[in-house]
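Taking our numbering as reference, the numbering of the first sequence is continuous, increasing by one, and the terminal residue is 673. Every residue gets a Cβ at the ideal spot worked out from N, C-alpha and C, and that includes glycine. Remember, predicted model here, so these are calculated numbers, not experimental data.
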Amino acid sequence: MEKRVITLLDIDYVTDNIPVIRLFGKDQDKKPVIALDRSFRPYIYAVPSHLDPCLDELRELGFEKLEVVNKKDLGRPIEVIKIVLKHPQEVPRIREKVKNLEHVQEIREHDIPFYRRYLIDNDLFPMSKIELKGHKIASSPLVASSDVEIIELDEPPRTIKSRFPELEILAFDIEVYNPHGMPNPERDEIIMISLYNGREERIISTEGRHLDFVELVEDEKEILEKFAETIKNSRPALLVGYNSDNFDFPYIRKRADLLGVKLDLGWDGSAIKSIRRGFATATTIRGTIHIDLYPVMRRYINLDTYTLERVYLELFGEKKVELPGDQLWEYWDNKTLRDELFEYSLGDVLATYKIAEKILPLNMEITRIVGQPLFDMTRMATGQQVEWFLIRKAFEYDELVPNKPSPSELQRRRTQRVVGGYVKEPEKGLHENIVQFDFRSLYPSIIISKNISPDTLTYDFEEECYVAPESGYKFKKKPRGFVPSIIGQILDERIKIKNRMKAAEDPMEKRILDVQQEALKRLANTMYGVYGYTRFRWYSVECAEAITAWGRKYIKKTIKEAEKFGFHTVYADTDGFYATYQKK
DNA sequence: ATCACGCGGGG
DNA sequence: GTGTACGCGTGAT
Numbered sequence: 090m091e092k093r094v095i096t097l098l099d100i101d102y103v104t105d106n107i108p109v110i111r112l113f114g115k116d117q118d119k120k121p122v123i124a125l126d127r128s129f130r131p132y133i134y135a136v137p138s139h140l141d142p143c144l145d146e147l148r149e150l151g152f153e154k155l156e157v158v159n160k161k162d163l164g165r166p167i168e169v170i171k172i173v174l175k176h177p178q179e180v181p182r183i184r185e186k187v188k189n190l191e192h193v194q195e196i197r198e199h200d201i202p203f204y205r206r207y208l209i210d211n212d213l214f215p216m217s218k219i220e221l222k223g224h225k226i227a228s229s230p231l232v233a234s235s236d237v238e239i240i241e242l243d244e245p246p247r248t249i250k251s252r253f254p255e256l257e258i259l260a261f262d263i264e265v266y267n268p269h270g271m272p273n274p275e276r277d278e279i280i281m282i283s284l285y286n287g288r289e290e291r292i293i294s295t296e297g298r299h300l301d302f303v304e305l306v307e308d309e310k311e312i313l314e315k316f317a318e319t320i321k322n323s324r325p326a327l328l329v330g331y332n333s334d335n336f337d338f339p340y341i342r343k344r345a346d347l348l349g350v351k352l353d354l355g356w357d358g359s360a361i362k363s364i365r366r367g368f369a370t371a372t373t374i375r376g377t378i379h380i381d382l383y384p385v386m387r388r389y390i391n392l393d394t395y396t397l398e399r400v401y402l403e404l405f406g407e408k409k410v411e412l413p414g415d416q417l418w419e420y421w422d423n424k425t426l427r428d429e430l431f432e433y434s435l436g437d438v439l440a441t442y443k444i445a446e447k448i449l450p451l452n453m454e455i456t457r458i459v460g461q462p463l464f465d466m467t468r469m470a471t472g473q474q475v476e477w478f479l480i481r482k483a484f485e486y487d488e489l490v491p492n493k494p495s496p497s498e499l500q501r502r503r504t505q506r507v508v509g510g511y512v513k514e515p516e517k518g519l520h521e522n523i524v525q526f527d528f529r530s531l532y533p534s535i536i537i538s539k540n541i542s543p544d545t546l547t548y549d550f551e552e553e554c555y556v557a558p559e560s561g562y563k564f565k566k567k568p569r570g571f572v573p574s575i576i577g578q579i580l581d582e583r584i585k586i587k588n589r590m591k592a593a594e595d596p597m598e599k600r601i602l603d604v605q606q607e608a609l610k611r612l613a614n615t616m617y618g619v620y621g622y623t624r625f626r627w628y629s630v631e632c633a634e635a636i637t638a639w640g641r642k643y644i645k646k647t648i649k650e651a652e653k654f655g656f657h658t659v660y661a662d663t664d665g666f667y668a669t670y671q672k673k
């Protein structure tokens, strides 16, 4: 048996009679490692209406392992039956059977993807270091590539407290010959693929032999082969594109298909795969984390358009070389213009790299807090990120995770409207000597101080409660609610990090801590909004309503108080206001 | 007023 | 894949 430490990058499972979890990571020397864990099994919970008859019913179905466990359901103690199954793929079938049993009230935690369950139950965090205990094997039918080290685990890994991992980014961008408007991969060929890894810029193309950054090849097929070779040789931790989920990768795939090029870029030798995620498609490369910066930027900043050019300008205040997209083919055909096309492509890949370098640290921190893969985190709405964070916390607190809303419940929720923050329309005119007031983390503070949580909401008369303005919703003072205690943890942790940041002398250390506190701040601030997010498992219109009502009360009260001192409010919104001061 | 539809980014 | 996830503006009805 040997011990190894890797940075956990990616995770999935495959089937070898039983489900086998595969952990993809890199060791200290940046060498790729795949660890196999055969010990984990899926499970769901059944909430019995009557315990013993329910157990009998379940035993009749022939489950190998049934276990009565004590959990909490929104704070209330509850006995549930844990049903351990053989394979994740039997869950959908089994859960229908179990759900319809006479003595089963409902089933819970039946829709948690297997790899996510594994990360949560074993307290593992992607983008963190983990210690592997197992033995190296020469080859495995579950890994069809020869350059990656394979380890059979003897037990699940454990997380090691570690510094932020070093970024190892490869950015890429393709250009296409498109004389008929928007490119069509059935017809229009790829003319170049640009790559940048922070040190070396490279364009794989059939032209441009006089340019030192061009790697000249014979034809399009060879462009794709060289691209595949580059990725397989370096096995980068992060491969980054801009709109690459919807454009570059589907295009590359189609062209590779037509030309007979194998895109077996996965560490296990698997082909790249497009996975449908509702309305969107994402491309996965097993092991390497493919990140499309477009959806990341949409969540990160608020702009009216999210072109690479616009985003780059916003982040760096610099213009990027732009060419008219519908005329790129003319730049390719015209020898005197062609170099401009190469420069443009290089500009795009450099911009992509720089954006990644700037905003990925935050996403990596969020990954390290939420504990789900970076690939998923960069494609999740913030409400979903919070939800997965809470699902992990629920496991820690022995809380049963609420089910996702049914379609009818979703529809009902959509009709509910929550009144927002107080807004005083700005007074017209130019105001001088403006004073700004604002609350620090108003909503998170209200959630904590008023203990606002679905598990503290009560309609009983005798309990000691905080009573919300307007609606009169009541929240028990004790015990501390699930969500308030977690926001409390986040804010406490943030204060600790801020203090360490102040004490830190190394500027690198300071930067890392700053990103960590920023991630925690974002998470805390999102917590309020999710109560009103219709798909949220802990959705509560009452909580959302109460938070904004208290918010309105406090801002109005503060404005009134300020006016007593001679301030005149010219504009207010939610958690702050601007005022002029009349006296000297 | 209600609903179906299509768009975003990419070349 | 323990699936099948946005949110908004527009034009037609």
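{"Item": "Entirely enclosed alpha helix (DSSP H) segments - the stretch 453–522, minimum 4 residues", "Value": "463–466, 471–486, 496–504"}
{"Item": "At least 3 beta-carbon pairs within less than 8 angstroms: the stretch 398–417 vs the stretch 432–444", "Value": "yes"}
{"Item": "Best match in D308, M281, K310 for proximity to F302 [C-alpha to C-alpha]", "Value": "M281"}
{"Item": "Secondary structure of Q578, DSSP reduced to three states", "Value": "helix"}
{"Item": "Where V400 falls, given that 16 or more other Cβ within 10 Å makes a residue buried", "Value": "buried"}
{"Item": "Continuous beta strand (DSSP E) stretch holding G618: start and end", "Value": "Counting along the chain, G618 falls outside any beta strand (DSSP E), though it belongs to the alpha helix (DSSP H) covering 596–619."}
{"Item": "Three-way DSSP call (helix, strand, coil) for N273 in this model", "Value": "coil"}
{"Item": "4 or more residues per run - each alpha helix (DSSP H) lying fully within the stretch 95–177", "Value": "140–149"}
{"Item": "CA-to-CA distance, V556 to T96, given in whole angstroms", "Value": "47 angstroms"}
{"Item": "Beta-carbon spacing of R468, A608 below 8 angstroms", "Value": "no"}
{"Item": "Coarse secondary structure for T319, derived from DSSP in three states", "Value": "helix"}
{"Item": "Contact belief for D544 with G577 at Cβ below 8 angstroms, rounded distance in angstroms", "Value": "Actually they are not in contact, since the Cβ atoms of D544 and G577 sit about 14 angstroms apart, beyond 8 angstroms."}
{"Item": "Meets three-Cβ-pair contact criterion under 8 angstroms: the stretch 303–319 and the stretch 196–204", "Value": "no"}
{"Item": "A445 in three-state terms, based on DSSP", "Value": "helix"}
{"Item": "Per-residue DSSP class, three states only, for K424", "Value": "coil"}
{"Item": "Same chain, Cβ closer than 8 angstroms to H224, neighbours up to 5 away in sequence not counted", "Value": "M90, E91, I240, E241, D243"}
{"Item": "Cβ pair count under 8 angstroms reaching 3, the stretch 484–498 against the stretch 631–647", "Value": "no"}
{"Item": "Rounded straight-line distance, which links the Cα of Y617 to that of Y532", "Value": "6 angstroms"}
{"Item": "E551 versus E559, F564, L174, residue with shortest Cα-Cα distance", "Value": "F564"}
{"Item": "Three-state secondary structure (DSSP) of G436", "Value": "helix"}
{"Item": "Nearest-angstrom Cβ-Cβ length linking I535 and W639, presumed shorter than 8 angstroms", "Value": "5 angstroms"}
{"Item": "Residue range of the beta strand (DSSP E) that includes F550", "Value": "Where F550 is concerned, there is no enclosing beta strand (DSSP E), given that its DSSP letter is neither H nor E."}
{"Item": "Cβ contact (3+ pairs, closer than 8 angstroms) linking the stretch 255–270 and the stretch 219–236", "Value": "no"}
{"Item": "Contacting residues, own chain, Cβ-Cβ under 7 angstroms from Y285 (five flanking each side not counted)", "Value": "A260, V438, L439, Y442"}
{"Item": "Residues that I648 bridges to, as DSSP identifies them", "Value": "In the DSSP output, where bridge partners are listed per residue, I648 has none listed."}
{"Item": "Where V265 falls: helix, strand or coil (DSSP)", "Value": "strand"}
{"Item": "C-alpha distance - G460 paired with T377, whole-angstrom precision", "Value": "18 angstroms"}
{"Item": "Beta-carbon spacing of T669, R503 below 8 angstroms", "Value": "no"}
{"Item": "Rounded straight-line distance, which links the Cα of P558 to that of Q525", "Value": "26 angstroms"}
{"Item": "For D393, the three-state DSSP class (helix, strand or coil)", "Value": "coil"}
{"Item": "Residues near R529 in its chain [Cβ-Cβ closer than 7 angstroms; skip 5 each side]", "Value": "none"}
{"Item": "Own chain residues within Cβ distance below 6 angstroms of R247, not counting five before or after", "Value": "E220"}
{"Item": "Span of the alpha helix (DSSP H) around S363", "Value": "Here S363 belongs to no alpha helix (DSSP H); instead the beta strand (DSSP E) covers 362–366."}
{"Item": "N-terminal and C-terminal residue of the alpha helix (DSSP H) that F338 is part of", "Value": "338–348"}
{"Item": "contact_flag[the stretch 137–157, the stretch 351–361] where n(CB pairs < 8 angstroms) is 3 or more", "Value": "no"}
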